[in-house]
Structures are given as C-alpha cells and as structure tokens.
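Notes for the one structure printed next.
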Amino acid sequence: MDSGFWTVRDMRNMVGCVSSERYQVYRKAAIVLPLLAALLSGCGSKPSNDTYDLSASVKASGPLMKGKQILIPPPTALQALDSNLIVIRVSPSEIQYLGKAQWSDKLSRMVQSKLVEAFENTGKLGGVGVPGQGLAIDYQIVTDIRSFEIDAAGGQKSAAVEISVKILNDRTGTIKSQSVFRKVVPVTGGSNPDFIRGLDTAFAGVTAEIVDWSLRSL
0 MDSGFWTVRD
10 MRNMVGCVSS
20 ERYQVYRKAA
30 IVLPLLAALL
40 SGCGSKPSND
50 TYDLSASVKA
60 SGPLMKGKQI
70 LIPPPTALQA
80 LDSNLIVIRV
90 SPSEIQYLGK
100 AQWSDKLSRM
110 VQSKLVEAFE
120 NTGKLGGVGV
130 PGQGLAIDYQ
140 IVTDIRSFEI
150 DAAGGQKSAA
160 VEISVKILND
170 RTGTIKSQSV
180 FRKVVPVTGG
190 SNPDFIRGLD
200 TAFAGVTAEI
210 VDWSLRSL
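Sequence positions in the sequence shown follow numbering that gives the first Met the number 0 and run 0 to 217.
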C-alpha cells in the first residue's frame, strides 16, 4: 500500500471489509423495517364509522308527463352540510357532527341521486337525467339544501330536512315555479340508528312533496 499500488491481498481485505459492513447494515434493516412497518400500521388503523344511506320515495300522485324530460343538477348547500358527516345542531348558532357515523356519500350527491330515483320510480316522465348525460332537457329541478340535521337544541330531539326547489325552463332560462319544502320528525331514542331513521323519514316526506309538486307544476 505504501508504494501507491494495491496488491491482490489488499483488494481482498477491502472487499471483505465493505461486505462485512454492508452485511451489518442489511441485517439491522431486516430487523428494523418490519418493526417500523408494524408500528405505522398500528398508528394508521382507526375504528371505522357506521355508514348510512337514504331511501328514495316511489309514490307520486302527480299527472303523467311522458312528453317532458327533466335534469336534476347537484343541490347547493353550505359547506358545513355538504360532506359525508351527519350534522347535530346543539344550539341556534352551533353545530357538531354525529360520532361514529357517516353518510355513504357527500350529502349533495346523495340527495341528487335519491331525487333522480324518486322521479324515475314514478314512471310519469319521458326522461330523468343528470348533467353530462346528453338528454334533451325541458326543465331543470334546481335545489338547495337549507337544513339536513338532528336538532338537539331543545328538550325533544328532532330530525329536520328543508330543501328549496325551483323549476327552471331549460330553453328560456326562466323560473316556472318555486317553493320550499320542510319536514320535522320527532326522534325517539338516542342511538345513531334512531337519528338516521328520523332523518330518512323527514327526507322521504320532503322528497314525496317535491316530486308531486314538480309533476303538477311542469
């Protein structure tokens, strides 16, 4: 080594040394990495929330409108409402969210889907669509979710659903008719299924009124 040249023995010693060091690194990694993965997996796992859906109304007494096709755009809603979390109103100015529970989708998409189902299930229209499907539309059913919550601010808990609706002429851009629909249903019991049952009942009542009113107003 003093001459500036490496002998075969020197090179073998160096290779052996490097290999030994790498072996120790690999050996430690083989022990540490699985342990780290297990710890991260444990930190990332959380109890899953119960997931709930809404039912769609199928009954309607409105007139047959086979010559009309309608579009159901996504409803508008405040950000506090428009998620998959279930709103609990604890005071006139404060809301919280129901623990260990969630909707099956973002509230606006879920309400849109159920309104489409409700109108289709009547069998009274020529077609019911959503944006992007390419239907020739006569009217849009424009909705805004004003309330979709469990009201726990008073003594008796209740489920409240309020939706405003406008029937928009798709050809002229004018409002043909508009109304607000609201249902409040007392909640019996204090479990999550009790709260969801109340909201589903209130939504079913609002949906039935929206469908009947829309068919009569087209």
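Idealized CB from N, CA, C, for every residue including glycine. As the structure is a computational prediction, the values presented were derived from the model and not from experiment.
Runs of the beta strand (DSSP E) lying entirely within the stretch 133-178, each at least 3 residues long, are 138-150 and 157-168 in chain order. In the structure shown, P185 adopts extended strand secondary structure according to DSSP, grouped into three states. W212 and G61 have their C-alpha atoms some 7 Å from each other. Minimum Cα-Cα distance from G204 among the listed residues Q95, D193 and K182 corresponds to K182. K67 sits close to L124, with the two beta carbons spaced by under 8 Å. A Cβ-Cβ separation of about 20 Å leaves T200 out of contact with A152 under the 8 Å criterion. Taking S103 as reference, the option from I85, F118, E93 and A117 with the minimal CA-CA separation is I85. Counting every other CB atom within 10 Å of its CB across the protein chains shown gives K58 a total below 16, marking it as exposed.
Around the beta-carbon of R215, fewer than 16 other beta-carbon atoms lie within 10 Å, marking it exposed. Collapsing the DSSP output to three states places G126 in a strand.
Residue state for K113 is assigned as helix, using DSSP reduced to three classes. In the structure shown, I71 adopts coil according to DSSP, grouped into three states. By the Cβ neighbour-count rule, E148 is buried, with 16 or more other Cβ atoms within 10 Å of its own.
Taken through DSSP and simplified to helix, strand or coil, S47 comes out as coil.
When the alpha-carbon of P130 is set against those of G197, P74, I209 and Q177, the nearest one is in P74. Annotation: L63 to E119 spans about 12 Å, alpha carbon to alpha carbon. Here A79 carries a coil assignment [DSSP, helix/strand/coil]. When only Cα atoms are considered, L97 and Y51 end up about 12 Å apart.
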